[in-house]
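Okay, structure first, notes after.
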Amino acid sequence: MGKAKVVALPRLVSYSASEMEALKKASPAFARYLKILENSPTDFMSKLRAQRHQAWCEAVAATYFERASTKAICAWWNRQVEELLRTAWTQSGLDQISCALFALGKLGAGELNLSSDVDLILVCESSSLAQATPLMREFRKFLGETTDWGFCLRLDFDLRPGGRLGPLLTTPEQFQDYYWSQGETWERLALVRMNPLIGAQSLIR
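The sequence shown maps to residues 60 to 264 in our numbering.
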């Protein structure tokens, strides 16, 4: 089954004042994010969070007032999250070395909902590991750190080879060895949902 077509959702300005008030009463989180968006972002992390909160609120409003189908809202939210990941990837400098980012779980399957964690695996060539380590910390900080603007995305790397005990950065050799000789059946099945997001095409292939 192919991915759902991504159609833009109505902007928040298209809703009436009474609709916005009703939604703020129904969803404290919606009201909180709207309050945050009254401020002007001044740095990269606040801009990233403003982009996320705007998209999240638009998805919530479309859901609450049934302005789009569940499938369309899900596809649109998945696209917004992928764009946030790509933006943080480039800003961190990971696009300059031989690494690739893969989505698993709900994002990998195109089924991410508004409260889901984002399951990721990062594969990196051995020659780039030393460079990748500090850049990866920046990538996680950009998206996961809580600031005055809140957080951007909850990143989860626990589905990587070896789980929580495995290295955060996996080489192609480690990846292949793990799934060939050590991985449990359920871990191999999880790869059915694995999809490349961004990175070196040689690694993705």
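The beta carbon of each residue, even a glycine, is placed where N, CA and C say it ideally should be.
Does the separation of the CB atoms of Leu153 and Arg111 fall below 8 Å? Within the sequence shown, the letter at position 94 stands for residue 153. Within the sequence shown, the letter at position 52 stands for residue 111. It is not a contact, given that the beta carbons lie outside the stated cut-off.
Rounded C-alpha distance that separates Glu243 from Pro100: In the sequence shown, residue 243 corresponds to position 184, counting from 1. In the sequence shown, residue 100 corresponds to position 41, counting from 1. When rounded, the distance between both Cα atoms is 45 Å.
Simplified DSSP state of Asp176, which is helix, strand or coil: For the purposes of this step, residue 176 is taken as the residue at position 117 of the sequence shown. If DSSP states are grouped into helix, strand and coil, Asp176 belongs with coil.
Apart from the five residues on each side of it in sequence, which residues of its chain come closer than 6 Å, Cβ to Cβ, to Val313? Only positions 60 to 264 of the chain appear in this structure, which leaves residue 313 out of reach.
Hey, how far is the Cα of Ser86 from the Cα of Ala168? Numbered from its first residue, the sequence shown carries residue 86 at position 27. Numbered from its first residue, the sequence shown carries residue 168 at position 109. The alpha-carbon atoms of Ser86 and Ala168 are separated by roughly 27 Å.
Beta carbon of Leu71, beta carbon of Ala147: below 8 Å? Locating residue 71 in the sequence shown gives position 12, counting from the first residue. Locating residue 147 in the sequence shown gives position 88, counting from the first residue. Contact flag unset, no.
If you compare alpha carbons, which of Leu256, Ala118, Asp236 and Met79 is closest to Leu173? Counting from 1 along the sequence shown, the entry for residue 173 is found at position 114. For Leu173, the nearest C-alpha among the options comes from Ala118.
Looking at C-alpha atoms only, which residue of Pro231, Tyr237 and Glu232 is the closest neighbour of Leu224? Translated into the one-based positions of the sequence shown, residue 224 becomes position 165. In this structure, Tyr237 is the residue among Pro231, Tyr237 and Glu232 with its C-alpha nearest to the C-alpha of Leu224.
Determine whether the beta carbon atoms of Ser187 and Ile156 lie at a separation below 8 Å. On the sequence shown, position 128 is the one that residue 187 refers to. On the sequence shown, position 97 is the one that residue 156 refers to. Yes, Cβ-Cβ distance for Ser187 and Ile156 is below 8 Å.
Alpha-carbon to alpha-carbon, Phe198 and Lys64: Within the sequence shown, numbered from 1, the residue matching residue 64 stands at position 5. Within the sequence shown, numbered from 1, the residue matching residue 198 stands at position 139. Rounded to the nearest angstrom, the two C-alpha atoms are 28 Å apart.
Taking Trp136 as the reference, give the member of Met104, Arg219, Ala67 and Gly209 with the closest Cα. On the sequence shown, position 77 is the one that residue 136 refers to. Among Met104, Arg219, Ala67 and Gly209, the Cα nearest to that of Trp136 belongs to Ala67.
Our contact map puts Val182 next to Phe234 with C-beta atoms below 8 Å; I'd like the distance itself, whole angstroms only. For this step, residue 182 is matched to residue 123 along the sequence shown. For this step, residue 234 is matched to residue 175 along the sequence shown. Indeed they touch by this definition, with Cβ atoms about 6 Å apart.
Closer than 8 Å, CB to CB, is Trp135 near chain D or not? Absence of chain D from the displayed structure is noted, only one protein chain being present.
Rounding to the nearest angstrom, what Cα-Cα distance links Ile95 and Glu80 in this structure? Here residue 95 refers to the residue found at position 36 when the sequence shown is read from its first residue. Here residue 80 refers to the residue found at position 21 when the sequence shown is read from its first residue. Approximately 16 Å, taken between the alpha carbons.
If I follow the unbroken alpha helix (DSSP H) through Asn137, where does it start and stop? Looking up residue 137 in the sequence shown gives position 78. Asn137 -> alpha helix (DSSP H) spans Thr129 to Ser151.
If we ignore side chains and look at the alpha-carbon of each, how far apart do Ser151 and Ser185 end up? As a first step, residue 151 must be located in the sequence shown, where it is residue number 92. As a first step, residue 185 must be located in the sequence shown, where it is residue number 126. Between Ser151 and Ser185, the C-alpha separation is close to 19 Å.
Once the 5 residues before and after Ala114 are set aside, which same chain residues still bring their CB inside 6 Å of it? As a first step, residue 114 is located in the sequence shown; it is residue number 55 there, counting from the start. Counting only Cβ-Cβ distances below 6 Å, and skipping sequence neighbours, we find Gln139.
Give me the Cα-Cα distance between Cys116 and Ser240, rounded to the nearest whole angstrom. Here residue 116 refers to the residue found at position 57 when the sequence shown is read from its first residue. Here residue 240 refers to the residue found at position 181 when the sequence shown is read from its first residue. Near 44 Å, if we compare the C-alpha coordinates of Ser240 and Cys116.
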